[in-house]
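There are 2 protein chains.
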Amino acid sequence: MYTMSQAFRLKQSIEDAVIAGEFLPGDRLDEASLAERFGVSRTPIREALLQLGAEGFIDVRPRRGAIVSVPTPTRLFEMFETMAEIESACGRLAARRLTPDNDAAMETAHRACEIAAREGDSEQYYADNRNFHEAIYRASRNSFLADQAFALHKRLSAYRRIQLRARNRLLQSLQEHAGILEAIRAGDDQLAATRLHDHVLVQGERFSDMVLGLAGDRRSDAAASKSGTAK
Amino acid sequence: MYTMSQAFRLKQSIEDAVIAGEFLPGDRLDEASLAERFGVSRTPIREALLQLGAEGFIDVRPRRGAIVSVPTPTRLFEMFETMAEIESACGRLAARRLTPDNDAAMETAHRACEIAAREGDSEQYYADNRNFHEAIYRASRNSFLADQAFALHKRLSAYRRIQLRARNRLLQSLQEHAGILEAIRAGDDQLAATRLHDHVLVQGERFSDMVLGLAGDRRSDAAASKSGTAK
DNA sequence: CATATGTTAATTGTATGCAATATTAGAAAT
DNA sequence: ATTTCTAATATTGCATACAATTAACATATG
Chain A
5 MYTMSQAFRL KQSIEDAVIA GEFLPGDRLD EASLAERFGV SRTPIREALL QLGAEGFIDV
65 RPRRGAIVSV PTPTRLFEMF ETMAEIESAC GRLAARRLTP DNDAAMETAH RACEIAAREG
125 DSEQYYADNR NFHEAIYRAS RNSFLADQAF ALHKRLSAYR RIQLRARNRL LQSLQEHAGI
185 LEAIRAGDDQ LAATRLHDHV LVQGERFSDM VLGLAGDRRS DAAASKSGTA K
Chain B
5 MYTMSQAFRL KQSIEDAVIA GEFLPGDRLD EASLAERFGV SRTPIREALL QLGAEGFIDV
65 RPRRGAIVSV PTPTRLFEMF ETMAEIESAC GRLAARRLTP DNDAAMETAH RACEIAAREG
125 DSEQYYADNR NFHEAIYRAS RNSFLADQAF ALHKRLSAYR RIQLRARNRL LQSLQEHAGI
185 LEAIRAGDDQ LAATRLHDHV LVQGERFSDM VLGLAGDRRS DAAASKSGTA K
């Protein structure tokens with residue numbers, strides 16, 4: 005099936021590049037250079053950028069070009085809080101509807117995380133962690149909710165990656181995963197929801213604390229627009 | 005400020021037309037006729053369609069054009085279930101964080117619903133109902149979550165409208181609103197969440213029952229792709 | 001030296017043309 | 001009459017050209 009449009013492939017490529025950290029928040033994505041880089045005209049590039057903009061991945065300001073979104077610390081916290089609520093919902097449903105297939109998928113992903121954590125391989129853990137969370141999304145047996153969850157997960161990946169650098173955070177994360185699995189398997193939807201909520205939100209809180217440089221205050225976001233500039 | 009691009013205006017216009025029911029699920033949105041209708045070239049039309057596609061409002065299939073999405077009954081149920089979870093989250097946060105402004109906004113919207121319901125004006129209730137729910141989204145004091153909620157609310161509007169036609173449903177809906185408000189004001193986040201969840205999900209369940217033509221089975225969605233065709 | 005202003009350069013927005021693909025209509029065969 | 005294959009038709013995808021707007025820069029002025 006080689007019937008896929010260029011614009012769609014480009015959308016994927018640009019998204020991947022952003023997720024991989026090749027383009028940092030604040031970087032400009034001008035159509036001409038991207039067109040040259042991918043060996044196409046501006047048209048499919050534009051179409052890809054507009055779609056990514058509609059998905060919230062990047063900011064496309066009329067007449068002023070596209071940049072990788074630079075959320076304020078407050079906004080970032082809100083995004084993590086929303087992620088926490090959505091993942092909670094997935095866990096709640098998963099606890100009620102768990103099937104053997106979904107259980108096995110979560111187990112496999114969890115085992116992979118365990119290995120990566122033991123070896124302190126944060127890059128690998130980052131990948132396995134994504135699979136673990138995706139397995140939970142699917143276990144909700146609500147494919148629409150799962151899609152929404154995964155989309156937001158991707159949008160936050162740039163920030164989560166930074167958070168998972170610390171080694172002890174890796175082990176703590178793994179332990180939380182175990183607790184989540186336990187609750188889902190016990191069919192305790194309430195507990196699964198709160199454990200997932202806390203697991204996700206602690207990342208967001210730690211991250212915005214990190215960005216703010218001070219703990220416990222998420223109101224002051226004046227210094228937000230000063231981050232990353234293109235090389 | 006007349007600096008807004010055509011593509012953006014078109015996106016809004018097409019979205020409005022879909023929400024207003026001018027284009028029904030399944031209707032084809034071909035670039036040429038839309039271009040003629042709006043007096044522009046295909047380019048900005050294409051850009052608008054691609055953006056709407058990225059937001060999930062319409063389906064753009066490569067080389068096969070765009071159509072207004074035709075969710076299967078199962079998919080529709082999943083969307084309502086997701087809406088229920090997101091609205092729950094909004095209500096839960098609102099119950100914890102309620103401010104006088106947000107309280108007043110909800111009250112105003114609720115009063116408007118009350119009048120429309122008493123008069124049996126379902127078209128008016130439809131509009132006021134949207135405001136009421138939007139007031140709850142904002143009361144969550146998480147603007148990102150509120151945006152997500154509103155976006156999904158818009159996507160479902162075509163289906164909710166049909167549901168609200170019945171008069172007794174109007175009065176029941178209003179009563180549920182009262183209960184939701186009560187729980188939020190009492191600061192009972194748990195109760196607010198479950199009441200909102202049930203309020204939203206009952207719509208989804210009733211609707212998919214309606215689509216299926218049979219109650220209690222949401223598995224058989226074979227007849228899904230048979231709905232609306234362009235005139 | 002800082003600020004304002006006018007001109008130039010760079011970038012985005014839209015239109016048009018052509019190529020590639022899908023859809024439809026028609027003819028032929030069963 | 002129904003099905004299948006082929007050819008005509010229509011529609012989408014991409015490239016290019018031009019127009020409109022913004023950003024950058026130099027120059028003048030306080």
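These protein sequence lines map, in sequence, to chains A and B.
Per the numbering used here, the very first residue in the first sequence carries number 5; after that it's consecutive.
Per the numbering used here, the very first residue in the second sequence carries number 5; after that it's consecutive.
Don't be surprised by glycine CBs; every beta carbon is placed ideally from N, CA and C.
Interface residues of chain A facing residue i [CB-CB closer than 9 Å]
| i | result |
| --- | --- |
| A143 (chain B) | Within chain A, no residue comes near A143 (chain B); the closest Cβ sits about 14 Å away, beyond 9 Å. |
| R79 (chain B) | S147 and F148 |
Distance between residue j and residue i (C-alpha atoms, nearest Å)
| i | j | result |
| --- | --- | --- |
| S9 (chain A) | P66 (chain B) | 6 Å |
| E59 (chain A) | T78 (chain B) | 24 Å |
| L56 (chain A) | L174 (chain A) | 31 Å |
| R122 (chain B) | G183 (chain A) | 50 Å |
| D31 (chain B) | I119 (chain B) | 35 Å |
| K1 (chain A) | V72 (chain A) | This structure leaves residue 1 (chain A) out entirely; chain A is present only between 5 and 235. |
| F81 (chain B) | E40 (chain A) | 44 Å |
| T76 (chain A) | M87 (chain A) | 16 Å |
| E180 (chain A) | L200 (chain A) | 8 Å |
| F84 (chain A) | L156 (chain B) | 19 Å |
| D107 (chain B) | L185 (chain B) | 9 Å |
| L218 (chain A) | A150 (chain B) | Any reading at L218 (chain A) must be qualified, since the residue scores a pLDDT of 38, below 50, and its modelled position is unreliable; no value is offered. |
| A93 (chain A) | A36 (chain B) | 42 Å |
| C117 (chain A) | E209 (chain A) | 22 Å |
| R134 (chain A) | S177 (chain A) | 12 Å |
| A16 (chain A) | D132 (chain A) | With the sequence shown as reference, residue 16 (chain A) is identified as Gln, and Ala is not the correct amino acid for it. Going by the C-alpha atoms only, they are around 21 Å apart. |
| Q207 (chain B) | R96 (chain B) | 20 Å |
| A197 (chain B) | D20 (chain A) | 36 Å |
| I18 (chain B) | A70 (chain B) | 12 Å |
| E89 (chain A) | A153 (chain A) | 10 Å |
| L54 (chain B) | R115 (chain A) | 40 Å |
| F42 (chain A) | F136 (chain B) | 47 Å |
| V22 (chain B) | E111 (chain A) | 43 Å |
Paired residues, beta bridge with residue i - DSSP
| i | result |
| --- | --- |
| D20 (chain B) | D20 (chain B) pairs with nothing; no bridge assigned. |
| L33 (chain A) | A:A70 |
| V64 (chain A) | A:A70 |
Extent of the continuous alpha helix (DSSP H) to which residue i belongs
| i | result |
| --- | --- |
| N106 (chain A) | P104 to R122 |
| R169 (chain A) | Taken as a continuous stretch (DSSP letters only), R169 (chain A) belongs to no alpha helix (DSSP H), as it is neither H nor E. |
| L54 (chain B) | R46 to A58 |
| R145 (chain A) | Element bounds for R145 (chain A): n/a, residue is neither H nor E. |
| S92 (chain B) | P77 to R101 |
Neighbouring residues, chain A, relative to residue i (Cβ below 7 Å)
| i | result |
| --- | --- |
| L54 (chain B) | E51, L54 and Q55 |
| E59 (chain B) | A58 |
| F12 (chain B) | P66 |
Contact set between residue i and chain B, taken where Cβ atoms lie within less than 8 Å
| i | result |
| --- | --- |
| L149 (chain A) | E82, E85, T86 and E89 |
| M8 (chain A) | P66 |
Interface partners of residue i on chain B, CB under 7 Å
| i | result |
| --- | --- |
| A93 (chain A) | E89 |
| Q152 (chain A) | T86 |
- Query: Looking at C-beta atoms only, is the number of pairs between the stretch 193 to 203 of chain A and the stretch 92 to 104 of chain A that lie closer than 8 Å three or more?
  - Reply: Segment contact: the stretch 193 to 203 of chain A against the stretch 92 to 104 of chain A, three or more CB-CB distances shorter than 8 Å; contact assigned.
- Touch check for the stretch 60 to 74 of chain A and the stretch 8 to 26 of chain B: three-plus C-beta pairs under 8 Å? Segments in contact, yes.
- Message: Could you check whether the stretch 157 to 172 of chain B touches the stretch 123 to 134 of chain B, counting it as contact only if at least three pairs of C-beta atoms, one from each stretch, sit closer than 8 Å?
- Response: The answer is yes - the stretch 123 to 134 of chain B touches the stretch 157 to 172 of chain B, with three or more Cβ pairs under 8 Å.
- Message: Between the stretch 40 to 49 of chain B and the stretch 143 to 150 of chain B, can you find at least three pairs of beta-carbon atoms closer than 8 Å?
- Response: They do not touch, by the three-pair rule.
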